[in-house]
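Visitor: Quick one: the structure is below, and I'll ask about it shortly.
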Amino acid sequence: MAKLWMAEALGFKGRRVALSIVNTRTPITGTLVDVTHDELVVDQDGGGQVGISYGRLSGIDAA
């Protein structure tokens with residue numbers, strides 16, 4: 004599943020995204036700054052960077 008998320012996420016790298024997370028109501032929004040083998044790294048508009056593992060993702064959308 005990680006490879007599918009990586010492939011989809013590469014098209015959003017450097018752009019604003021909304022990441023839907025399993026078992027949460029509010030998506031994580033910010034600029035997708037890195038796509039690694041383990042996680043996506045999002046800069047949360049001055050709130051610092053956060054890494055989201057592929058196992059927690061339920062969707063990636065442009066924000």
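For reference, each letter of the sequence shown is one residue, going 4 to 66 in the working numbering.
Where a beta carbon is used, it is the ideal one built from N, C-alpha and C, also for glycine.
Quantities reported herein were computed from a predicted structural model and do not represent experimental measurements.
Could you tell me if residue 60 is buried or exposed, where buried requires 16 or more neighbouring beta carbons within 10 angstroms of its beta carbon?
Guide: buried
Visitor: Excluding the 5 residues flanking residue 9 on each side, which residues of the same chain have their C-beta closer than 8 Å to its C-beta?
Guide: 38, 40 and 57
Visitor: When you compare only the Cα positions, how much space is there between residue 54 and residue 44?
Guide: Rounded to the nearest angstrom, the two C-alpha atoms are 4 Å apart.
Visitor: When DSSP labels each residue in this structure, what does residue 12 get in the three-state scheme?
Guide: helix
Visitor: By DSSP, does residue 49 sit in helix, in strand, or in coil?
Guide: coil
Visitor: Of all the options 35, 27 and 49, which has the alpha carbon lying nearest to the alpha carbon of residue 17?
Guide: 35
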